[in-house]
Each structure stands twice: as C-alpha cells, then as structure tokens.
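Quick mapping for you: the protein sequence lines, in order, are chains G and D.
Take any residue in the first sequence, note its place counting from 1, add 791, and you have its number in the working numbering.
Take any residue in the second sequence, note its place counting from 1, add 791, and you have its number in the working numbering.
Ideal placement from N, C-alpha and C gives every residue a C-beta, glycine not left out.
Here the structure is a predicted model, which is why all the values come from computation and not from measurement.
Working notes, beginning with the structure itself.
Number of protein chains: 2
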Amino acid sequence: MNDRQHTAQGAERKQQLLDAAARLFAEQGYAETRVSDIVETAGVAKGLFYWYFDNKEAVFRELAVEMRHRLRRVQAAAMDDEAPALVRLLQGAVASVRFMAENAAFFSLLEVERRNVPDVLRESTEQHLRDVAALIREGQADGSVTDTDPAELLALSVVGTVGQFSHLHRTGRVTLSLDEMSGYVARLVARMLTADEKVARASLTALRRKGTPTPAAGA
Amino acid sequence: MNDRQHTAQGAERKQQLLDAAARLFAEQGYAETRVSDIVETAGVAKGLFYWYFDNKEAVFRELAVEMRHRLRRVQAAAMDDEAPALVRLLQGAVASVRFMAENAAFFSLLEVERRNVPDVLRESTEQHLRDVAALIREGQADGSVTDTDPAELLALSVVGTVGQFSHLHRTGRVTLSLDEMSGYVARLVARMLTADEKVARASLTALRRKGTPTPAAGA
DNA sequence: ACCCTTATTGACCCCCGGGTCAAGTATCGC
DNA sequence: GCGATACTTGACCCGGGGGTCAATAAGGGT
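Printed below as a string of structure tokens:
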C-alpha cells in the first residue's frame, strides 16, 4: 500500500527505485521493462517494490507527474517577466527543449506511453497549453504574433514542436548540440508565430541578448 | 509460415485479419491487443492467425509497410509537377494531413509503437525525409524558402508538424474539420519555411487556387 | 530492554497470452 | 472421384512476469 509513513531511509530507497525505473523505462519502454529488472537495477528484492508502490503503473504515474512539475518550474524560471510576450514564449520554448533533452530519459515515457497516464497528466498538460495560449493571446494583442490563427492552435503547434525536437534529440535522430538545436527551435517557433519577419528577428535578438540563463542545475 | 501460396479466399481472409488488427491496434495499442482479440474480431479461430502470419509482430510490420506505400502514392499524386517547390511542399503536406487523418486508425501505430518497427520502416521514413529535403533545397535555391537553416532540419520540422496534427486530429484533441485543419497546417508550414511573408502568402494563394484535389478514394 | 512500526527478503502462486498441433473440412486440378 | 494442397478449428502447452506473503531484520521511541 502506497501512502505509508516513510523514514529517511525509506524515502531514499523509494527514490532509488524511481530512478531505476525511469532509466529502464526510457531505455527499453514501459511494457518491455519487468518489475524484476527494476528491482535488480536498484539492487533490492522484488517484494520491496510493492512496499513502496501499488503496482508497476503507479511508479510510472509518479515519475510522470514529478517531471511535469519540474518542467513547469524550469519554464517559469526561464521567462523574464519584463520581456514582451513573444520573447517570453521563445524563452520558455528554449528552456523546455533544454530541460527535456537533459532529462531525455524521463520524457521518452510521456511521449511513447501516453495511454498509461490518463487523468493526472492530461490535466497538467492542458494547463501548460492554456498558459502558452494566454501568452500568445498577449502577443496577438500587442501585434507581435499573427492573429490569422487562433491562439489555441498556435499553442498546440509550439508545444508540439518543442516536444518533437526534444524527442529527435533524445533518440539521436538529430545530432546537433543542445545550443544549436534550441537555437533552431527558437527560430522555427518565431517564424511560426509571426506574420512579420522583422518582429521575429527582433525577438530573436532580444532572446540572444538575454543569453542562455544556465538552464542546468535542476532543483 | 508466411509466404504460402494463397487462393483468392485466402488473400481475403488475410485482409480481414489485417483490417481487424489495424482497428484494434489503433484503438487500444499494440501491446494491449491480444491475438485472441484479433481473431475474435475477424470471427475466426486462433490457429488461423498463424496460418497467415508468423507472429503478432509480423502483422504489425505488414500494416506499417503498406500504409507507408499508400501515403507515398497519395503524396505524389497531390503534387503538381508544374508548381514551384514551395507550393508542392504545401500540397504534399495537405495531402498527408488528410490521408493520415482519414486513415487515422493505421497511423496511430506508427507513432506510438515505433519500437517494434526497426528496419523496414525507418528506411522508408528516411526516404520520405530526403524527398522533402530535396524539395526544400529547391525552394531555397529559387529563394522561396529561407536558407538560414539547413534543409534537413526544415524537412524534419515539416514532416513532424504534419504528423503531429494528424495525431491531434485523430485523438480528438483538435476538433477542426479536415479542411480547416489542413488549411491551418498549410499556413503553419508556409510560415515555418519562409522568411518572407509575401512569398508565403503567394504560395498559399496558389495552393488554394488548385483546390483540394479530392484526396479520398484510395487505390 | 522492549515493543511497535518500518524495511527487506526471496520463494511461491497463478493467470494471461503467445504460440503449437493434430485433426478435420473445403477447394482445386485432373 | 481422388489425391493434394489450401484452409480452419479449438484444445492444449508453457513460460514469463505481475503480484503475494510469511518470515526476518533493523530502527527508534520510551
């Protein structure tokens, strides 16, 4: 049973299992990963797994939820409150690409095995989309983002593109360095969102001026 | 034993099984679909499955390969040889979106379960990417496509976006009509590829003038 | 020292599901 | 009609892997 009282030692063990699971899920997929693989990797007996988790799916859910939270924090941290909407969008996109790439191991699950994560994740994903859409609407209001298309669709496109390239980078399909790739994604997103090339160029310049705000060093 | 000699009846039976498998894979995923589900849906005994296919994975592979071929034909048919590169790119993108959406059932597999399709599919996907990249290069040469980014990356972006929105449409996340959605994708792709908005707008106009070339009615 | 809760073990259970098979039926060529 | 080959059946096999459990150790609070 899951919500047991854990000692410090217990919490640590649980984390070990989470780490092992994350690695294995990412490497060989959810279905292909045996609980016995996980406990073996963590160096504990099988029964212990069920001391900390209800079942195999529970560990997956826990991983997914935590990653979402971390991503949100990173995104928030990357955005400069002073900056205009479009620049903040680009900052968020760049930060996301970097974070997803650095935590590639974790994010592969979310993409590949979305069937297994019905309720909790959807919610947080929707929230993220709403946030991005709000930013886009802001940009449309000040004229920096095209208003030929609805903000929701554009948000979907931005988020989708970011996920796409994180995926490509993780799987080795794209071998650019992180800097090169996040730069490319920024340009791409800028082009997607703007009808006016001058605005796009100016925003990219602003983004560059900010420098990349040391996106490593998670919580 | 797979490459048996099939009578007309046999070929039909095999197709029934393929259809059933496609539907079930799409509805509930590859891993979650039992061979017993497939034969039940097709209304035959379990043993018959193994008369036509070596194993569960084989039927999946066969489905995947066939879909790729059909997609390629549709894409080729949608492109107007006379038209400039950028317009042809948009035509191909629109046709792909429509085809993938109409054959949503099939395409979900390719996205979700890419682990199971190592060699054959990759090859054909790579070929498709090379084709798109070539078109993009052509567009870069005549100045209609931005040359701030390499054609390979842009090709990846275009193909990825098309797949993305087919996915969203299939899963009901986007409820636009096919026409609306393919129109949006065309605009998006045009913006992604062009640094110059005027070029983008002109190409979209050209695309619209062609009309949507009745993309239903597969071979 | 004692007891209660947490932590840990590994053998075991058991069912699900992929794959087999021996046996039957329909069909076709001749 | 007859043999041969294609087709079809459903009971069975069997291994893997998710999940259980009784026993034991280790803390840690009083």
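Close Cβ partners of residue i (< 8 Å) along its chain, the five nearest in sequence each way excluded
i	result
P909 (chain D)	Its pLDDT being 49, under 50, P909 (chain D) is placed unreliably by the model, and the measurement read from it follows with that caveat. So no residue of the chain qualifies.
S948 (chain D)	M983
K837 (chain G)	V826, S827, V830
V976 (chain D)	A884, V885, V888, T952, V953, F956
E943 (chain D)	L920, A924
T939 (chain D)	A986
V853 (chain D)	What sits at residue 853 (chain D) in the sequence shown is Glu, not Val. L809, F844, listed in sequence order.
D933 (chain D)	P875, A876
Anticipated Cβ contact below 8 Å, residue i with residue j, distance rounded
i	j	result
M983 (chain D)	V888 (chain D)	Not quite, the Cβ-Cβ distance comes to about 14 Å (not below 8 Å), so this is no contact.
T832 (chain G)	T952 (chain D)	About 37 Å separates the two Cβ atoms, so there is no contact after all.
A869 (chain D)	Q882 (chain D)	5 Å
L920 (chain G)	A946 (chain G)	5 Å
A884 (chain G)	V980 (chain G)	5 Å
N- and C-terminal bounds of the alpha helix (DSSP H) containing residue i
i	result
L808 (chain D)	799-819
R961 (chain G)	942-961
G974 (chain G)	969-984
V965 (chain G)	Looking at the DSSP string, V965 (chain G) is not in any alpha helix (DSSP H), and its letter there is neither H nor E.
G934 (chain G)	Counting along the chain, G934 (chain G) falls outside any alpha helix (DSSP H), and DSSP gives it neither H nor E.
E853 (chain D)	847-869
D872 (chain D)	Per DSSP, D872 (chain D) belongs to no alpha helix (DSSP H) and is neither H nor E.
G838 (chain G)	837-843
E831 (chain G)	826-833
Residues near residue i by beta carbon distance below 7 Å, same chain, minus five either side
i	result
I829 (chain G)	L808, A811, A812, L815, F840
L862 (chain D)	S887, F890
G801 (chain G)	none
P745 (chain D)	Nothing about residue 745 (chain D) can be reported from this structure: the residues present for chain D run from 792 to 1010 only.
L969 (chain G)	R889, A892
Same chain only: Cβ atoms within 6 Å of residue i, ignoring 5 sequence neighbours per side
i	result
G963 (chain G)	none
F844 (chain D)	V850
V865 (chain D)	A886, F890
D872 (chain D)	none
L880 (chain G)	L926
V965 (chain G)	L959
K805 (chain G)	Y843
T798 (chain D)	none
Does the region 925-932 of chain D come close enough to the region 863-878 of chain D that 3 or more CB-CB pairs lie under 8 Å? As far as the Cβ criterion goes, the region 863-878 of chain D touches the region 925-932 of chain D, which means the pair count is three or higher.
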